[in-house]
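Quick notes on the structure that follows.
Residue numbers (the numbering used here): 786 to 1320.
In structure tokens, the structure reads:
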């Protein structure tokens, strides 16, 4: 879509503006790398039917057609196992999205029948404690597997920090920021609870961070314990505070540096009274935070945050619009099963080491180079003209680093289960799995952008109709020329938040036309007249 107001689209070229990103070459199905990242308006495919828990008989698969494999991330991922193989870290046998229909007469407390809705598959190694955790929480939470994994992956990052680091252009901590986005009332708290319980069993209370705080109070907390973990299953309150308050804006900017593990220094005159020698400077050599936030779609894009772009780049997104299964009686979080899981994850805190360039096998090193080349090609295909494109471009720039972190976490979790002896060596197959997991997070971000755009277009269309009807009281229709519309509703395109010509004619009017509120009455030369109708 051309954003130049001097090159307005003609009526014949007006298309559905809710898929702005889809018009870009990077999101067209013909693009090589879109075999995994779908166009934002494409129907969600039935990618995979998840395996039931080991103690349940496998239900017969539901008939389906036109399934789409996700074993490739742009054509360069290694070929998956052939028929009959059972690769322990196969991306085809990991936590997915759509679910097989329940067998006739199924009466289990944890039915895997789909309740509608779907998210992308976020694969994990099947021979790791992550898979054990996922299978346990499937009997607790009705959300898809990817959203089940988001909190525990953040906890894994905290358990490995600061003793395991990445030597990647300097020492980097394995901090993880994950964002779970769902509609209100989809039981995000239930999904977070198992990971929180495990964290409480492993970590000290001083390791956990809760709720809102000021920057100074946050410094006091990190001065006592510089490496922390935060779960926010009701993140709307936290994010709204960051948007609307002065101290919230300061804290949101601080979270950027907590992800990076940067030093933290405060220098206030009032500190002289509290320290011997009259020094006002306080210093933390390294402060880190692993974070998992759950919130609704309305705030998930972080648009109204001054630090929103930087935070969005650091987050991995996990998206669901409906439940993935039906649970009539959730499994208890008290007992030996969760205690055993906690002991398995406790092993991660015993690891100490550095993962660098020499930690890769030869095949993994070659795959890493191809991964970065693919990522750079994706970045080149995105012009970055719109906020949605800028958001994806920013996340793509961080994507290789997140792939590395995921690969290290995957290997550590395989080691904790006893599947491998060396948790510090990165192999090609686990790096490919990490890339697919990160691609799923990017795909969720694209869909989040599309959903937010659809809501924004619908709201703007309602506002436009209310303005037009208010200008013509007692009438049920009104005619406007293109010039009149532009002068009335898009006269200040440079003002922040103002309606632009490209959005008016490329998104809003097509949406109103689809609803039957707008039509082109006449076209004489360059003069186009629109008729608006309302009840």
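Don't be surprised by glycine CBs; every beta carbon is placed ideally from N, CA and C.
Which listed residue (1030, 1134, 1092) has its alpha carbon closest to that of residue 986: The residue given as residue 986 occupies position 201 in the chain shown. When only C-alpha atoms are compared, the closest one is 1134.
Exposure of residue 946, with buried meaning 16 or more beta-carbon neighbours within 10 Å: For the purposes of this step, residue 946 is identified with residue 161 of the chain shown, where counting begins at 1. With at least 16 other beta carbons inside 10 angstroms of its own, residue 946 counts as buried.
Sequence-distant residues of its chain with Cβ nearer than 8 Å to residue 1321 (five each side left out): The chain is shown from 786 up to 1320; residue 1321 falls before or after that span and cannot be answered.
Cβ-based neighbour list, residue 956, same chain, cut-off 6 Å, excluding 5 preceding and 5 following: Locating residue 956 in the chain shown gives position 171, counting from the first residue. Answer for residue 956: 950, listed in chain order.
Cβ separation of residue 1136 and residue 948, assumed to be a contact under 8 Å, to the nearest whole Å: Along the chain shown, one-based indexing puts residue 1136 at 351. Along the chain shown, one-based indexing puts residue 948 at 163. Indeed, because the Cβ distance is near 6 Å, the residues count as touching under 8 Å.
Straight-line Cα distance separating residue 1300 from residue 992: As a first step, residue 992 is located in the chain shown; it is residue number 207 there, counting from the start. As a first step, residue 1300 is located in the chain shown; it is residue number 515 there, counting from the start. Taking the straight line joining both Cα atoms gives about 53 Å.
Residue 884 to residue 1109 span [Cα, whole Å]: The count along the chain shown starts at 1 and reaches residue 884 at position 99. The count along the chain shown starts at 1 and reaches residue 1109 at position 324. At residue 884 the pLDDT is 32, less than 50, meaning the model places this residue with poor confidence and gives no usable figure here.
Integer Cβ distance of residue 1179 from residue 1097, believed to fall under 8 Å: Position 394 of the chain shown, counted from the start, is the residue given in the question as residue 1179. Position 312 of the chain shown, counted from the start, is the residue given in the question as residue 1097. Right, the Cβ-Cβ distance comes to about 6 Å (below 8 Å), so this counts as a contact.
Host alpha helix (DSSP H) of residue 1032 (start-end): Position 247 of the chain shown holds residue 1032. Segment 1031–1045, the alpha helix (DSSP H) holding residue 1032.
Residue 925, DSSP secondary structure in three states: For the purposes of this step, residue 925 is identified with residue 140 of the chain shown, where counting begins at 1. Residue 925 falls in the coil class under three-state DSSP.
Beta-carbon separation (whole angstroms), residue 1033 vs residue 1026, contact threshold 8 Å: Within the chain shown, residue 1033 is the residue found at index 248, counting from 1. Within the chain shown, residue 1026 is the residue found at index 241, counting from 1. About 4 Å; that satisfies the 8 Å criterion.
Through-space distance from residue 1023 to residue 997, alpha-carbon basis: Translated into positions along the chain shown, residue 997 becomes position 212. Translated into positions along the chain shown, residue 1023 becomes position 238. Approximately 6 Å, taken between the alpha carbons.
Nearest to residue 1038 (by Cα), restricted to the options 1240, 969, 1148, 1090: Here residue 1038 corresponds to residue number 253 of the chain shown, with the count starting at 1. Ranked by how close their Cα comes to the Cα of residue 1038, the residues 1240, 969, 1148, 1090 have 1090 in first place.
Element boundaries [beta strand (DSSP E), containing residue 958]: In the chain shown, the residue the question calls residue 958 occupies position 173. Unbroken beta strand (DSSP E) run through residue 958: 956–958.
Runs of alpha helix (DSSP H) lying entirely within the stretch 948–1016, each at least 4 residues, in chain order: For the alpha helix (DSSP H) assignment, the uninterrupted runs of no fewer than 4 residues enclosed by the stretch 948–1016 are, from N- to C-terminal side, 973–987, 1000–1009.
Three-state class that DSSP yields for residue 1299 in the structure shown: As a working mapping, residue 1299 is identified with position 514 in the chain shown. The answer is helix: DSSP assigns residue 1299 an H, G or I state.
Per-residue DSSP class, three states only, for residue 1255: By 1-based counting over the chain shown, the position of residue 1255 is 470. Three-state result, residue 1255: helix.
Rounded C-alpha distance that separates residue 1276 from residue 1269: Working through the chain shown from its first residue, we reach residue 1276 at position 491. Working through the chain shown from its first residue, we reach residue 1269 at position 484. If you take the alpha carbons of residue 1276 and residue 1269, they lie about 10 Å apart.
Residue 978 beta carbon less than 9 Å from that of residue 1118: Residue numbering aside, residue 1118 sits at position 333 when the chain shown is read from its first letter. Residue numbering aside, residue 978 sits at position 193 when the chain shown is read from its first letter. The Cβ atoms of residue 1118 and residue 978 lie closer than 9 Å to each other.
Between the CA atoms of residue 1114 and residue 835 - distance to the nearest angstrom: In the chain shown, counting from the first residue as 1, residue 835 sits at position 50. In the chain shown, counting from the first residue as 1, residue 1114 sits at position 329. Because residue 835 carries a pLDDT of 37, less than 50, the predicted location of this residue cannot be relied on, and the following value inherits that uncertainty. Rounded to whole angstroms, residue 835 to residue 1114 spans 20 Å at the Cα level.
Three-way DSSP call (helix, strand, coil) for residue 1026 in this model: Here residue 1026 refers to the residue found at position 241 when the chain shown is read from its first residue. Annotated three-state conformation of residue 1026 is helix, per DSSP.
Three-way DSSP call (helix, strand, coil) for residue 1134 in this model: The residue given as residue 1134 occupies position 349 in the chain shown. Note: residue 1134 maps to helix in three-state DSSP.
Residue 1111 - DSSP class collapsed to helix/strand/coil: For the purposes of this step, residue 1111 is identified with residue 326 of the chain shown, where counting begins at 1. Residue 1111: strand per DSSP, three-state reduction.
Unbroken alpha helix (DSSP H) run spanning residue 1067, endpoints: To locate residue 1067, count along the chain shown from 1; it is residue 282. Counting along the chain, residue 1067 falls outside any alpha helix (DSSP H), though it belongs to the beta strand (DSSP E) covering 1066–1069.
Cβ neighbour criterion (16 or more within 10 Å) applied to residue 1148: Working through the chain shown from its first residue, we reach residue 1148 at position 363. Counting Cβ neighbours within 10 Å, residue 1148 comes out exposed, since fewer than 16 surround it.
9 Å Cβ cutoff met for residue 914 and residue 980: Taking the chain shown and counting its residues from 1, one reaches residue 914 at position 129. Taking the chain shown and counting its residues from 1, one reaches residue 980 at position 195. Not a contact, by the Cβ cut-off of 9 Å.
For residue 1048, the nearest candidate out of 1030, 1031, 1074, 1028 (CA to CA): The residue labelled residue 1048 in the question sits at position 263 within the chain shown. The residue with the shortest Cα to Cα distance from residue 1048 is 1074.
C-alpha distance - residue 753 paired with residue 1248, whole-angstrom precision: No answer is possible for residue 753: it lies beyond the span of the chain, which begins at 786 and ends at 1320.
DSSP-derived helix/strand/coil call for residue 1166: Residue 1166 sits at position 381 when you count from the first residue of the chain shown. Residue 1166: coil per DSSP, three-state reduction.
Within the stretch 1139–1200, ranges of the alpha helix (DSSP H) (whole runs, at least 4 residues): 1147–1165
Among 1260, 1287, 1303, 969, the one whose alpha carbon lies nearest that of residue 1316: In the chain shown, residue 1316 corresponds to position 531, counting from 1. Ranking 1260, 1287, 1303, 969 by Cα distance to residue 1316 puts 1303 first.
Own chain, CB closer than 7 Å to residue 1018, minus 5 neighbours either side, in chain order: Within the chain shown, the letter at position 233 stands for residue 1018. Closer than 7 Å at the Cβ level, and outside the excluded window around residue 1018, lie 973, 974, 977, 1079.
Straight-line gap, residue 1068 to residue 1050 (C-alpha atoms, nearest Å): Position 283 of the chain shown, counted from the start, is the residue given in the question as residue 1068. Position 265 of the chain shown, counted from the start, is the residue given in the question as residue 1050. About 4 Å.
Burial state of residue 995, where buried means 16 or more other Cβ atoms lie within 10 Å: Reading the chain shown from its first residue, position 210 is the one you call residue 995. By the 10 Å Cβ count, residue 995 comes out exposed.
Residue 1192 burial status per 10 Å Cβ neighbour count (16 or more: buried): As a first step, residue 1192 must be located in the chain shown, where it is residue number 407. With 16 or more other Cβ atoms within 10 Å, it is buried.
Simplified DSSP state of residue 1304, which is helix, strand or coil: Within the chain shown, residue 1304 is the residue found at index 519, counting from 1. Correct three-state label for residue 1304: strand.
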